[in-house]
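Report on the structure given below.
See below:
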């Protein structure tokens, strides 16, 4: 698996060299490099039903991070090499060892054998669709990380053929590896086809991926530009996910003072087929600020009753652990909570609302964003405020404040209440 | 409305020759027994002559578009934008962009300032997306999203006013001593960046000299002046090409200066404007 990315790049590079016909213009090199340094403090939920004494999620507090993000592009007529190496150093004082990582977030070669054809090989982001909160039409990047300002979202190793003719674009991908994606993503290999139909002010995309959990995934997205300021959009997906977690029947009442008898949760692999729909709209003000609203209905999420059962069950285990952290059952209790946390649905509930208000994306001097996301079932919500301010040509400071509301037995508040991140970015070139 | 001279019409010949104005022949004496019919005949002849001589505003527009990238097979250029006045910081560095444009699409990549470097904005008809190195996927944006300062996204793309606006020739008037046609443009498609424009096109050079952008109500929103210090080769001819555009807000002193350079006329493949390739 490890050799697939270099092999893909090598093959594509060889193809580029072989197809070189006549003297062509010199390569154009462009890119940028950023150094980030930031620290984060988190107010962990003391009565968390999923993370007693921080033994399960092991949330660092504080955490110091240094990152180097380099983006390079070498291009010439019809040929392009993109490299996005990353280096990450993280220290978690008082909470175990830190992290040292260097990896290629993206690295691919793109060729254009004909004016209407592109061939891509390497590690590339396979994201699409207009939605911010989640992307239901994408089987790999349901959470594309748009709600987490600092997160780097890595690509997947793939070979892609793209064909464009007028308003039609067809792309066919073979995803070979996705080891850097979150475990919630379906394991490759998988094949994926996408057809985009573009109108003068709208776009419709149809997605077919197979196999995902042994069954095809169907997706679609659409966006329309209405007048000068409005955008309306939707995304839809139907498929299975790698796992579906439920509270074990019978375990609900099988509690003793020593702990929980039997497995607290049951995992079904893969999950049954479910549908997920997102509807959204955004409005751009005259000053370039944008306000947006998205509503998500996720069939993979739990009903209010199921979510309540989940937290009740986890709370029972957590209480038992807190009462006797050194008991023989403690390891099993933590493992059960780990399963409950790690294999829970990507979103616990079924109905979500997300409101976004952000400054003009084109302003280079500053940027800010306010996001409110609510789980309409458990009434928990999260408010995220993010801001960047340029201090000098090469330096920008940034801050992110996340506040979770709703209590320990809600999706938003089950792990932490408040998180504050402060940092600086240096633009090297 | 004054009629244009033949010499002034030369610049639009490559598009379609326009019939020169024929001298008005004296009308024969009117027979007293049919005064009304003669009057009607005279009026009709005068109108016909005027129609035959009046330049076609759409042709004027097509020609003016060429000098701003319209109707060409594809273009690549670099654009430098400097903002001043209200809502801008004098210390703000200029923005430098590399633009690839075709008939109905453009891709703008930010080269400067450093903190925005690598941002790419794709426009295909009225569909627009923005991506930056930190963004996880392209963000759809609306046409109202400004590029920088007073410059709208539609200002940097190849100009196709002839396709997007219905032109009416209002009058002739000089701008800085240069005779110009004054065209009123009304958007005939929702794709247009502005609802209405007044557009001054030099009668001798055939290039737009200035513009006034208006709301539907007719209220002036901003104005622009154009200079043509560049030249490009198109269909074997050397034609002037825009080198500088100054956009001024109508209500404040906010101003954006756009300077065009490194212009290459070359077809841009359709795949360049595919949002799938906008990583």
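Protein chains in written order, with the numbering used here: chain A, 1 to 429; chain B, 1001 to 1279.
Glycine residues also receive a C-beta, built at the ideal position from the N, C-alpha and C atoms.
DSSP lists A/175 as the beta-bridge partner residues of residue 190 of chain A. In this structure the region 159-177 of chain A lies against the region 109-121 of chain A, because at least three pairs of beta carbons, one per stretch, are closer than 8 Å. Straight through space, the alpha carbons of residue 46 of chain A and residue 322 of chain A are spaced by roughly 11 Å. Between residue 400 of chain A and residue 406 of chain A, the C-beta spacing is not below 8 Å.
At a cut-off of 8 Å between beta carbons, residue 427 of chain A contacts chain B. Under the DSSP assignment, residue 40 of chain A falls in the beta strand (DSSP E) whose first and last residues are 28-44.
Here DSSP, grouped into helix, strand and coil, assigns residue 1184 of chain B to strand.
Fully contained in the region 315-380 of chain A are the following beta strand (DSSP E) runs of length 3 or more, in chain order: 351-358, 366-375.
Identification of chain B residues near residue 342 of chain A by a Cβ-Cβ cut-off of 9 Å yields none; the smallest Cβ-Cβ distance measures about 23 Å.
Residue 100 of chain A has its alpha-carbon roughly 39 Å from the corresponding atom of residue 275 of chain A. Within the region 386-420 of chain A, 390, 393, 394, 396 place their CB atoms closer than 8 Å to a CB of chain B, listed in sequence order. Contact between the region 1179-1188 of chain B and the region 1124-1135 of chain B is absent: fewer than three C-beta pairs spanning the two stretches fall below 8 Å. Comparing alpha carbon positions, the residue from B/1095, B/1240, B/1197, B/1071 closest to residue 1158 of chain B is B/1071. Contact of residue 295 of chain A with chain B is not assigned, every C-beta pair being separated by 8 Å or more. In the DSSP secondary-structure assignment, residue 91 of chain A is bridged to A/64. According to DSSP, residue pairing for residue 122 of chain A in a beta bridge involves A/108, A/158. Residues of the region 128-157 of chain A with a C-beta atom less than 7 Å from some C-beta of chain B are 128, 130, 144, 145, 146, 153, listed in chain order.
Residue contact check for residue 369 of chain A against chain B: no CB pair falls below 8 Å. Under the DSSP definition of a beta bridge, residue 1232 of chain B partners with B/1239.
Take residue 216 of chain A, set aside five residues on each side of it, and the residues of its chain with a beta-carbon closer than 8 Å to its own are 208, 209, 210, 239, in chain order. In this structure the region 1058-1071 of chain B does not lie against the region 1214-1224 of chain B, because fewer than three pairs of beta carbons, one per stretch, are closer than 8 Å.
Pairing residue 380 of chain A with residue 305 of chain A, the inter-Cα distance amounts to about 15 Å. Going by DSSP, residue 1140 of chain B is part of the beta strand (DSSP E) stretching over 1139-1141.
From the beta-carbon of residue 1145 of chain B, the residues of chain A found nearer than 8 Å are 284, 288, 290, 360, 361, 362. Residue range 395-405 is occupied by the beta strand (DSSP E) that includes residue 404 of chain A. Taking a contact to require three or more Cβ pairs closer than 8 Å, the region 133-150 of chain A and the region 284-301 of chain A qualify as touching. Interface with chain A (8 Å Cβ-Cβ cutoff): residue 1188 of chain B is excluded.
Close CB contacts of residue 54 of chain A within its chain, under the 7 Å cut and outside five residues either way in sequence, are with 44 (chain order). Counting along the chain, residue 1161 of chain B sits inside the alpha helix (DSSP H) bounded by residues 1161-1164.
Per DSSP, residue 1176 of chain B is not a residue of any alpha helix (DSSP H), being assigned neither H nor E. 225, 227, 228, 229, 230, 231, 233: these are the residues of the region 224-237 of chain A whose beta carbon lies less than 8 Å from some beta carbon of chain B, given in chain order. Three or more beta-carbon pairs separated by less than 8 Å link the region 223-234 of chain A to the region 279-286 of chain A, which places the two stretches in contact.
A/363 is the residue among A/311, A/363, A/66, A/310 whose C-alpha sits nearest the C-alpha of residue 388 of chain A. With respect to chain A, the C-beta atom of residue 1139 of chain B has a partner C-beta closer than 8 Å. The closest CA to that of residue 1145 of chain B, considering only A/175, A/393, A/358, is found on A/358. By the neighbour-count criterion, in which a residue is buried when 16 or more other Cβ atoms sit within 10 angstroms of its Cβ, residue 122 of chain A is buried.
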